[in-house]
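>
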Amino acid sequence: KKNVRDVDVKGKKVFVRVDFNVPMQDGEITDDTRIKSALTTIMYLIQKEAKVILASHLGRPGGEVVEELRLDAVAQSLSNYLQQPVYKLDDVFSDEVKEAVEKMENRDVLLLENVRFEPGEKQNDPELAKQFASLADLYVNDAFGTAHRAHASTEGIAHHLPAVSGFLLEKEINVLGNALEDPDRPFTAIIGGSKVKDKIGVIDNLLEKVDHLLIGGGLSFTFIKAMGHEIGDSLLEEDKIDLAKQFIEKAKEKGVSLHLPKDVVMADQFAEDANKKIVPVEEMTAGWQGLDIGPETVQEYAETIKNSQLILWNGPMGVFEMDAFAEGTKGVAEALATTDGYTIIGGGDSASAVEKFNFAEEMNHISTGGGASLEFMEGKVLPGVQALEDEEGVNK
Ligand code: 3PG
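In the UniProt record's numbering, each residue carries its 1-based index in the sequence shown increased by 2.
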C-alpha cells in the first residue's frame, strides 16, 4: 500500500485516522501505548509542514455524546508528547469544525471529538465520510487497531480522498504479513485465552503456516477433553469438542506439532485464595478447575520457544490477573523475552501480560491491535487497509 512518505504533504490538510481508544479510569488514561505509537506519523507530518487533523474513537458511545468518552484527556497527553498545543474540538463535524480547519497554519495539530458520537461513523454513512473528506486534501490511515472496522473514518473516507497508510499501520501490516507469508522457521504460534470460539479462525489459519502450535488458557480444556481426558470443573465448550478433534487431525495432516498442556494448576474455586494443586492432565478430578498451565508444560513450551526463529503469541496461558494463576503466562512471556527468535505479540490480553510482567522492551513487535491483529492472523482482509491506494495509486 502507498505510504504517507510517498506523497507531498507540505501545506496540505491531512486527515489522519488514529486509534486513540486507550483504557481510561476516572478520567485518567491508564495505558498510553496507542498514543505513543501514533507519534511517528504525527511528528513526520508536523516536520513536513502539513496541517494535521486527527480523528479517533474512544470506547463504544453508540452514536451519541457520552461525556466520559470525550477526547480531552487524550489531547492533553498527545500535547505533552508533541510539546506543542493540540487544538481539541468538541464536535465531530460542524461549522465550528470547518472554521477551525480553515484557520489552521502549517504544523498545527487539531483533534476532532470522538467520531463514534456520530451514528454515521459505525454505519459507514457516505454523507459523514464525505463531510470528513471535505475537511482535507489527503487521508492517512494509521489506526491499525480499528482497521478491521468498515466505518466512515476508517473506510468510507478513503473513497473520497487520496488515501495512504501511516507508519504504524504500515509496520503492523508488514510484520504480521511477513510472518504469515514468509516466516523464518521453525515458526511457533502460542494460542491461549478463554474460548475456542474466539480463536477458531486463527487456529485454522495458523495450522496452515506454523511448525509448532502451543495451546494454553481456558480453551485448552476443550482440547484436553477431545483427547479423551477428564477435565473436572474446568471451562468446557461442549459444542467445540468435535472442532478441537478436527484441529488435532488437521495438525497431523499438515505436519504441525500441536502441543497441549501436560500438567495444569487446579483450584477448588475461581478465586485468588483458592486451594490449588498441580496435577498431570490425566489426573484432573471433579470439584477442581484448571486455571493455569503447570510448570512441566511451561518448561516444554519455553524450550520450543527457545528453539524457534519466529514466535507469535496470542492469548494468556491462565488467569494471569490473579497472582496465584499467573505463572504459566509469566513463564511463556519470559521465554519470549529471552529467545533469540523474532517475537510478535498479538495485541489485547497478551500485550497486557507482557506489560504487566515488564517484558515489553524485550519483544520485537507488540501489536497495537486486539481484534484487528486477530482478524489479520485469521487471514482476513481488513477493510481499513483494503480501501487504501496501492503502489500505483489506485483506490481499491
Ligand atoms: C480496539 O480496541 O480493539 C479497537 O480500538 C477497536 O475498538 P472496537 O472493538 O470498539 O471497534
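All residues carry an ideal CB built from backbone N, CA and C; glycine is no exception.
Remember, predicted model here, so these are calculated numbers, not experimental data.
#1: Find out if the Cβ-Cβ distance for the pair ALA191, PHE225 is shorter than 9 Å.
#2: Tell me, which residues are paired with ASN316 by DSSP?
#3: Secondary structure at LYS279, three-state DSSP: helix, strand or coil?
#4: Checking 9 Å against the spacing of the C-beta atoms, do ALA355 and VAL300 come in under that value?
#5: To test your reading of the DSSP string, which unbroken alpha helix (DSSP H) runs of 4 or more residues are found completely within the region 319-381?
#6: Please give the ranges of any beta strand (DSSP E) in the region 191-259, keeping only runs that are unbroken, at least 3 residues long and fully inside the region.
#7: Who are SER167's beta bridge partners in DSSP?
#8: Let me check understanding here. Comparing Cα to Cα, which of GLY203, LEU262, LYS254 lies closest to SER222?
#9: Apply the 10 Å Cβ neighbour rule to ALA335 and answer buried if 16 or more other Cβ atoms are within range, or exposed otherwise.
#10: Tell me whether LYS398 is buried or exposed, calling it buried when 16 or more other Cβ atoms sit within 10 Å of its Cβ.
#11: Go through its chain and collect everything with a Cβ distance to SER352's Cβ below 7 Å, but skip five positions before and after it.
#12: Which of the three DSSP states is assigned to ARG118 in this structure?
#13: Would you please state the rounded distance, in angstroms, between the beta carbons of PHE169 and PHE17? I believe it to be under 8 Å.
#14: Under the criterion of a Cβ to heavy atom distance below 8 Å, does ALA374 qualify as lining the ligand 3PG?
#15: Who are the near neighbours of SER155 in its chain, counting only those whose CB is closer than 7 Å to its CB and skipping five residues on each side?
#16: Taking the alpha-carbon positions, what's the VAL103 to THR43 distance?
#17: Are there any heavy atoms of the ligand 3PG lying less than 8 Å away from the beta-carbon of THR35, as far as the coordinates show?
#18: What are the boundary residues of the beta strand (DSSP E) that includes ARG19?
#19: Looking at the ligand 3PG, does it come within less than 8 Å of ASP294, judged from the CB to the closest heavy atom?
#20: Tell me the DSSP bridge mates of LEU56?
#21: Comparing C-alpha positions only, which one of LYS358, GLU323, ALA165, ASN309 sits nearest to ASP342?
#22: With a threshold of 8 Å, establish whether the CB of ARG7 neighbours any heavy atom of the ligand 3PG.
#23: Under 8 Å, with one C-beta from each stretch per pair, do the region 320-334 and the region 271-283 reach the 3-pair mark?
#24: Between which two residues does the beta strand (DSSP E) containing VAL266 stretch?
#25: Distance, Cα to Cα, SER369 vs ILE307?
#26: Taking DSSP as the reference, what is the three-state secondary structure of GLY158?
#27: Would you mind working out which of GLU357, VAL111, GLU51, VAL24 sits nearest HIS72, comparing C-alpha positions?
Straight from the coordinates:
#1: Against the sequence shown, residue 191 aligns to sequence position 189. Against the sequence shown, residue 225 aligns to sequence position 223. Cβ atoms of ALA191 and PHE225: not closer than 9 Å.
#2: For this step, residue 316 is matched to residue 314 along the sequence shown. The partner list for ASN316 (beta bridge, DSSP) reads ILE193.
#3: For the purposes of this step, residue 279 is identified with residue 277 of the sequence shown, where counting begins at 1. Note: LYS279 maps to strand in three-state DSSP.
#4: As a working note, residue 355 is residue 353 in the sequence shown. As a working note, residue 300 is residue 298 in the sequence shown. No, they are not a contact pair.
#5: Secondary structure within the region 319-381: the alpha helix (DSSP H) runs of 4 or more consecutive residues, fully enclosed, are 329-340, 351-358, 373-379 (chain order).
#6: 214-217
#7: Stepping through the sequence shown from its first residue, residue 167 is reached at position 165. Partner(s): ASN5, ASN143.
#8: As a first step, residue 222 is located in the sequence shown; it is residue number 220 there, counting from the start. Closest option to SER222, Cα to Cα, is LEU262.
#9: Walking along the sequence shown from the start, residue 335 turns up at place 333. The residue in question, ALA335, is buried, as its Cβ has 16 or more Cβ neighbours within 10 Å.
#10: Against the sequence shown, residue 398 aligns to sequence position 396. With a pLDDT of only 47 at LYS398, under 50, the local geometry of the prediction cannot be trusted, and the value read off the model is given with reservation. LYS398 comes out exposed.
#11: In the sequence shown, counting from the first residue as 1, residue 352 sits at position 350. Counting only Cβ-Cβ distances below 7 Å, and skipping sequence neighbours, we find TRP315, ASN316, GLY317, PRO318.
#12: The sequence position of residue 118 within the sequence shown is 116, counting from 1. Note: ARG118 maps to helix in three-state DSSP.
#13: Within the sequence shown, the letter at position 167 stands for residue 169. Within the sequence shown, the letter at position 15 stands for residue 17. That belief does not hold up - the Cβ atoms of PHE169 and PHE17 are roughly 16 Å apart, past 8 Å.
#14: Your numbering for residue 374 matches position 372 in the sequence shown. Flag set: Cβ of ALA374 near the ligand 3PG.
#15: Stepping through the sequence shown from its first residue, residue 155 is reached at position 153. Excluding positions up to five away in sequence, the list reads ARG19, ALA57, VAL117, GLU123, PHE134.
#16: Here the question's residue 103 lines up with position 101 in the sequence shown. Here the question's residue 43 lines up with position 41 in the sequence shown. Approximately 19 Å between the Cα atoms of the pair.
#17: As a position in the sequence shown, residue 35 is number 33, starting the count at 1. Incorrect: THR35 has no Cβ contact closer than 8 Å to the ligand 3PG.
#18: Here residue 19 refers to the residue found at position 17 of the sequence shown. Its beta strand (DSSP E) spans residues 15-19.
#19: Locating residue 294 in the sequence shown gives position 292, where the first residue counts as 1. Checking every heavy atom of the ligand 3PG against the Cβ of ASP294, none is found closer than 8 Å.
#20: On the sequence shown, position 54 is the one that residue 56 refers to. DSSP lists VAL18, LEU113 as partners of LEU56.
#21: Along the sequence shown, one-based indexing puts residue 342 at 340. For the residues LYS358, GLU323, ALA165, ASN309, the minimum Cα distance to ASP342 belongs to ASN309.
#22: As a working note, residue 7 is residue 5 in the sequence shown. No, the ligand 3PG has no heavy atom inside 8 Å of this Cβ.
#23: The region 320-334, when compared against the region 271-283, does touch it at the 8 Å Cβ threshold.
#24: Translated into the one-based positions of the sequence shown, residue 266 becomes position 264. From DSSP, the beta strand (DSSP E) with VAL266 extends over 265-269.
#25: As a position in the sequence shown, residue 369 is number 367, starting the count at 1. As a position in the sequence shown, residue 307 is number 305, starting the count at 1. Those two C-alpha atoms are separated by around 19 Å.
#26: The residue given as residue 158 occupies position 156 in the sequence shown. Reduced to three states, the DSSP call for GLY158 is helix.
#27: On the sequence shown, position 70 is the one that residue 72 refers to. Note on residue identity: the sequence assigns Arg, not His, to residue 72. Considering only alpha carbons, the answer is VAL24.
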